[in-house]
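These protein sequence lines map, in sequence, to chains W and U.
Reminder that position 133 of the first sequence reads as 133 in my numbering, one-by-one numbering, no gaps.
Basically my numbering = 1-based index in the second sequence + 1000.
Cβ atoms here follow ideal geometry from the backbone N, Cα and C, with glycine treated the same way.
To start, the structure itself, in structure tokens.
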Amino acid sequence: MTLQEQIRANRRRTAVVFLGFAVLILAFVAIIGGAYSPGLAGVLGIFMIGYGLISYYASGRIIAAVSHAKPVTKQDQPRVYRLLENVAIAAGLPQTPDLYLIDDSSPNAFAAGRDPKHAYVAVTSGLLALMDDRELEGVLAHEVGHIRNRDVKLMSIAAVLVGAIALAADMLMRITIFGGSDSREGGLGALGVAAGLIAAVLAPIGASLLQMSLSRRREYLADAAAVEFTGDAEGLALALATLRDDHQPLKHVTRATAHLYIESPLRDHKGLRSSLGGMFDTHPPLEDRIATLEKIGGFTLPAAAPAAQG
Amino acid sequence: MIVLWIVLAVVVILVVWLVFAYNKLVRLRNEAEQGYSSIDIQLKRRADLIPNLVETVKAYATHERGVFEDVAAARTKMLSAGSVGEAAGAERQMRGALGRLFAVAEAYPELRASENFRALQEELSDTEDKIAAARRYYNNVVQRYNTSQQTFPTNLMAGALGFRPREFFELDDEGDRAPVAVDLSKP
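Spelled out as structure tokens, the structure:
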């Protein structure tokens, strides 16, 4: 797949994501309208359409707010900013993306935004503390790879919409369980309750599947792009090994934003992972990504320390 | 009748292919052009740093005229470079001259301790990293541009329409990080 094909595929998928979201909204509104109150359904429908529009134009800012990422300048963080400038030049981006910092000791990073001119790269303070320039450059190159491959728009919108679906499902659950018990209309019919519960359970699962299908292959592609920019597969592999060996959980992360990060911030939620054999993972295993880099670069990292298994 | 249709279909397919192949070459040529201007920006930025650097070193190391002349010569050559090859040649010369300048600076502890000198040195090394980054982008694009001109069937029309292979920006004296061929189709 060439880069142009990849970019076109991303555009198509963005349309599909929006369409899927519209269908989910319609179903949601229909259920509320049918089982509870048409007036409430109308209000919710308008609210959701507004939310969709906002997510298209402001997903980057919403994600920054949710993740507690704050914009920083070159004067604040000269080391990482310079590396980001270099990588952006090597990627041929029209300008250096903005740099955001998350005050968190867990090392991680993500990129978000609408297009290469409205994009930013966010890194945690833990990443800066833990990595040398070479590893950091690899991580930044991976994130800039997402920007260059036009992944960021799709992934940002997916994050915001998945968040909205989770919210809606939660609302639906409350309405079906508690709604009507003391209201004048006299409560919901049994059918309405059943439909509401099923929708409330299915919607987040559908959203996760969608999110997962968007992100796993993209991680490999962004790794490949990073190697193209830096010419240093080993640097990125070392960075991924550093991420693998660190087990601090990230503080401000939700299921909805998980797929944005260079390494899954939810990796310590073992229950779900082991029971479903990784089906719902947003990221491919780090070991596989490192192995792919080893193949590209023709080197071998020392095997993981026994303590690092996990 | 049917023959006419077949001929027509072949012509349409040929025209469509030609349009796509032509547009692709134009896009790559523009990207290469843009890549080269990005190298150029960084080369100019460094050329602007050099008079200041030379003045600073001169203030401490008065007897090192030969080195200053080398740097000045490399700078002039760089600013007047007209082709990729000339610019790359000037860049090689510049690296050598700056290497000697910093070797000379080593012998003057007061110079090395000077705030100004340290700031310049940092700025210079940052510019050098950016030149390297811009070169990697340029060489990657040129590789794609040249390859698409040479592969069948685009090679049948690329030359006739005025597309020529571009020169790489090569600095052969370094153990350089060469462009890595990355296959996007493999996971």
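Boundaries of the beta strand (DSSP E) in which residue i is found, first to last residue
i: residue 942/U; result: Residue coverage of chain U in this structure runs from 1001 to 1187, which leaves residue 942/U outside it and unanswerable.
i: residue 78/W; result: Careful: residue 78/W lies outside any beta strand (DSSP E), inside the alpha helix (DSSP H) at 78–91.
CB contact below 9 Å: residue i versus chain W
i: residue 1141/U; result: yes
i: residue 1136/U; result: yes
i: residue 1095/U; result: no
i: residue 1033/U; result: no
i: residue 1021/U; result: no
i: residue 1074/U; result: no
i: residue 1150/U; result: no
i: residue 1088/U; result: no
i: residue 1081/U; result: no
i: residue 1038/U; result: yes
i: residue 1170/U; result: no
i: residue 1103/U; result: no
i: residue 1133/U; result: yes
N- and C-terminal bounds of the alpha helix (DSSP H) containing residue i
i: residue 1099/U; result: 1084–1105
i: residue 110/W; result: Taken as a continuous stretch (DSSP letters only), residue 110/W belongs to no alpha helix (DSSP H), being part of the beta strand (DSSP E) at 109–113.
i: residue 71/W; result: Element bounds for residue 71/W: not the alpha helix (DSSP H) but the beta strand (DSSP E), 69–72.
i: residue 1125/U; result: 1115–1150
i: residue 252/W; result: Counting along the chain, residue 252/W falls outside any alpha helix (DSSP H), and DSSP gives it neither H nor E.
i: residue 1157/U; result: 1155–1158
i: residue 1066/U; result: 1065–1079
i: residue 311/W; result: There is no way to answer for residue 311/W, as the model of chain W reaches only from 1 to 310.
i: residue 244/W; result: 233–244
i: residue 145/W; result: 133–148
Minimum Cβ-Cβ distance from residue i to chain U less than 9 Å
i: residue 89/W; result: yes
i: residue 230/W; result: yes
i: residue 263/W; result: no
i: residue 184/W; result: Only weak support is given to the placement of residue 184/W: the predicted model assigns it a pLDDT of 45, under 50, and the question is left unresolved by the model.
i: residue 85/W; result: yes
i: residue 12/W; result: no
i: residue 8/W; result: no
i: residue 134/W; result: no
i: residue 113/W; result: no
i: residue 277/W; result: In this predicted model, residue 277/W has a pLDDT of only 48, less than 50, meaning its place in the structure is not dependable; the value taken from the coordinates is given anyway. No, no contact with chain U.
i: residue 20/W; result: no
i: residue 272/W; result: Unreliable positioning characterises residue 272/W in this predicted model, as indicated by a pLDDT of 41, which lies under 50. The coordinate reading is nonetheless provided below. So no, residue 272/W is outside the interface.
i: residue 165/W; result: no
i: residue 259/W; result: no
Pick from the options that is closest to residue i, judged by C-alpha positions
i: residue 27/W; options: 220/W, 246/W, 264/W and 169/W; result: 169/W
i: residue 148/W; options: 218/W, 125/W, 286/W and 298/W; result: 218/W
i: residue 173/W; options: 198/W, 34/W, 68/W and 265/W; result: 198/W
i: residue 56/W; options: 87/W, 108/W, 15/W and 31/W; result: 15/W
i: residue 263/W; options: 127/W, 8/W and 154/W; result: 127/W
i: residue 299/W; options: 82/W, 233/W, 95/W and 265/W; result: 233/W
i: residue 162/W; options: 86/W, 260/W and 249/W; result: 260/W
i: residue 1024/U; options: 1171/U, 1147/U and 1168/U; result: 1147/U
i: residue 1131/U; options: 1100/U, 1061/U and 1036/U; result: 1036/U
i: residue 1155/U; options: 1016/U, 1021/U and 1015/U; result: 1021/U
i: residue 134/W; options: 69/W, 241/W and 53/W; result: 241/W
i: residue 165/W; options: 115/W, 137/W, 144/W and 29/W; result: 29/W
i: residue 154/W; options: 287/W, 10/W and 66/W; result: 10/W
i: residue 124/W; options: 251/W, 49/W and 62/W; result: 251/W
i: residue 1168/U; options: 1054/U, 1089/U, 1004/U and 1051/U; result: 1089/U
i: residue 86/W; options: 1038/U, 1164/U, 1001/U and 1144/U; result: 1038/U
i: residue 1141/U; options: 1165/U, 1160/U and 1119/U; result: 1165/U
i: residue 89/W; options: 1057/U, 1028/U, 1091/U and 1040/U; result: 1040/U
i: residue 1074/U; options: 1145/U, 1061/U, 1048/U and 1059/U; result: 1048/U
DSSP beta-bridge partners of residue i
i: residue 123/W; result: 101/W and 109/W
i: residue 261/W; result: 110/W
Any non-hydrogen atom of the ligand FAD closer than 8 Å to residue i Cβ
i: residue 201/W; result: With respect to the ligand FAD, the structure offers nothing, as it holds no ligand at all.
Chain-ordered residues of the segment 1105–1131 of chain U with a beta carbon less than 8 Å from chain W
1126, 1129 and 1130
Within 8 Å of chain U by C-beta, residues of the segment 139–154 of chain W in sequence order
none
Taking only beta carbons into account, state which residues of the segment 204–228 of chain W come closer than 8 Å to chain U, listed in chain order.
217, 220, 221, 224, 225, 227 and 228
At a Cβ cut of 8 Å, what residues of the segment 51–83 of chain W count as close to chain U, listed as they run along the chain?
82
Beta carbons nearer than 9 Å to chain W: which residues of the segment 1153–1167 of chain U have them?
none
Residues, ordered as in the chain, of the segment 91–109 of chain W that lie near chain U by beta-carbon distance below 8 Å:
91 and 92
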